[in-house]
Amino acid sequence: MELLDGKSLASTLTQELADRVAALPGARRPKVAFVRVGEDPASVSYVRKKERTAAEVGIESELHVFPDDIAKDDLFAEVDRLNADPTVDGILIQSPLPGHIPDEEAFDRVDPSKDVDGFHKVNLGKLVQEDPTGFVACTPRGILTLLDRYGIAIPGKRVVVVGRSLIVGKPLALLFLRRQQLGNATVTVCHSRTPDLGEVTRQADILVAAVGQPRMIDASMVRPGAVVVDVGINRVPDASKKSGHALVGDVDFDSVQPLSGPITPVPGGVGPLTVAMLMENTLQAYQLHEGVHPA
Ligand SMILES: NC(=O)c1ccc[n+]([C@@H]2O[C@H](COP(=O)([O-])OP(=O)(O)OC[C@H]3O[C@@H](n4cnc5c(N)ncnc54)[C@H](OP(=O)(O)O)[C@@H]3O)[C@@H](O)[C@H]2O)c1
Numbered sequence: 473m474e475l476l477d478g479k480s481l482a483s484t485l486t487q488e489l490a491d492r493v494a495a496l497p498g499a500r501r502p503k504v505a506f507v508r509v510g511e512d513p514a515s516v517s518y519v520r521k522k523e524r525t526a527a528e529v530g531i532e533s534e535l536h537v538f539p540d541d542i543a544k545d546d547l548f549a550e551v552d553r554l555n556a557d558p559t560v561d562g563i564l565i566q567s568p569l570p571g572h573i574p575d576e577e578a579f580d581r582v583d584p585s586k587d588v589d590g591f592h593k594v595n596l597g598k599l600v601q602e603d604p605t606g607f608v609a610c611t612p613r614g615i616l617t618l619l620d621r622y623g624i625a626i627p628g629k630r631v632v633v634v635g636r637s638l639i640v641g642k643p644l645a646l647l648f649l650r651r652q653q654l655g656n657a658t659v660t661v662c663h664s665r666t667p668d669l670g671e672v673t674r675q676a677d678i679l680v681a682a683v684g685q686p687r688m689i690d691a692s693m694v695r696p697g698a699v700v701v702d703v704g705i706n707r708v709p710d711a712s713k714k715s716g717h718a719l720v721g722d723v724d725f726d727s728v729q730p731l732s733g734p735i736t737p738v739p740g741g742v743g744p745l746t747v748a749m750l751m752e753n754t755l756q757a758y759q760l761h762e763g764v765h766p767a
């Protein structure tokens with residue numbers, strides 16, 4: 473069993489991005505704006521990590537924090553202001569937002585050319601059309617990059633994605649389907665209404681779990697030798713930890729890893745790549761705004 477070490481790959485990618493940013497001509501640097509509503513501890517920590525990585529790469533960032541009772545129109549006016557700011561290349565609205573502001577409405581408010589999250593319907597449409605000028609959602613893009621850098625071929629493989637969310641499952645399934653070197657897979661997408669889930673997941677050459685259920689995928693659901701990608705980040709009580717909780721994936725790592733092929737750990741698997749891809753997308757947005765065609 474080979475460990476797919478997302479943490480170490482993310483630091484390689486971060487260094488590569490830092491070199492590319494340092495080599496950019498002109499004085500203007502890429503800039504990403506983070507929008508956070510409320511003080512949800514997970515959101516606070518995710519945004520802080522993104523700010524730190526931006527600084528490492530040489531991408532400027534600015535943080536805009538609003539109270540969780542902000543009116544939808546007031547938040548959208550702030551997004552409009554960032555849309556109009558020529559110094560801002562990318563805008564990231566940290567989800568989940570409070571219930572009175574639907575996430576999708578907020579994602580669609582961002583100018584598609586600054587949508588470094590890749591959640592705007594224009595960029596999702598470009599993904600469906602296989603138009604390379606769109607932004608691809610960071611977690612799915614990170615997963616493909618991970619498989620690519622570890623030399624795991626995708627064409628012709630049976631891929632099973634468990635989960636059909638807008639931010640992971642659906643865009644990932646579309647990426648695996650593309651008529652490209654990092655695509656051309658036969659893709660099955662499962663969800664909470666899929667009967668006999670194990671019968672489907674056992675057919676996977678590459679199994680991706682993006683469910684949000686701690687350790688749900690156990691050894692009985694995995695074909696021996698299959699590549700396993702665990703997107704889940706679940707907080708479970710753990711008295712042995714100082715914080716009182718531990719982070720676990722959607723895959724029962726201890727039972728699955730002895731029989732699987734290459735597998736991602738949690739933490740240290742997909743998560744760090746998501747942040748690296750956000751920086752990649754911000755650089756792509758900068759190049760778009762500067763009229764530079766990516767090499
Ligand atoms: N590593 C990262 O950077 C990263 C990024 C994003 C998310 N995550 C993590 O990934 C996980 C999934 O996130 P998400 O935003 O995609 O979650 P989500 O929006 O809650 O979607 C979960 C999906 O799993 C399906 N599902 C739930 N229970 C199931 C079951 N028992 N059997 C089969 N399918 C089931 C749901 O089916 P229905 O559609 O039928 O409800 C849904 O499609 C979470 O743990 C999240 O924290 C990690």
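For the sequence shown, this note's numbering begins at 473 and goes up steadily by one.
Ideal Cβ placement from N, Cα and C applies to all residues, glycine included.
What you are looking at is a predicted structure, and each value in this text was computed from that prediction instead of being measured.
Bridge partners for residue i per DSSP, in chain order?
i	result
V537	R508
C662	V634
A681	V634 and D702
V723	I689
I735	L475 and V700
A757	Its beta-bridge partners do not exist; DSSP assigns none.
H572	BP columns for H572 are empty, so no partner.
V708	A718
K503	E532
I565	V507
Going by the beta-carbon positions, is the gap between residue i and residue j smaller than 8 angstroms?
i	j	result
I531	T754	yes
P734	V699	yes
I705	K629	no
V747	K521	yes
V588	L599	no
V519	L569	no
V742	I615	yes
V504	D561	yes
A657	L649	yes
L475	P737	yes
L647	P604	no
L554	V529	no
Y758	P502	yes
S610	G623	For the record, residue 610 in the displayed sequence is Cys; it is not Ser. No, the pair does not count as a contact, with Cβ atoms beyond the cut-off.
A681	I689	yes
Apart from the five residues just before and just after residue i, which ones in its own chain have a Cβ nearer than 8 angstroms to its Cβ?
i	result
H663	V634, G635, R636 and G641
V551	V507, I563, I565, A578, R581 and V582
Tell me whether residue i is buried or exposed, calling it buried when 16 or more other Cβ atoms sit within 10 Å of its Cβ.
i	result
D491	exposed
A527	exposed
E752	buried
D722	buried
Q756	buried
G597	exposed
T559	exposed
H592	buried
D541	exposed
D668	exposed
D724	buried
R524	exposed
P513	exposed
G606	buried
S712	exposed
T486	buried
What residues in its chain sit with their C-beta under 7 angstroms from that of residue i, if we drop five residues either side in the sequence?
i	result
L760	S585
L619	I626
S692	G670
A718	V708 and D710
S567	D575
V672	V632, T660, C662 and T666
V683	V634, G635, G704 and D722
H572	K544
Suppose the cutoff is 6 angstroms on Cβ atoms and the five residues either side in sequence are ignored; what does the same chain contact list for residue i look like?
i	result
R695	R674
S480	none
R651	none
A482	P744, L745 and A748
P497	none
E534	A505
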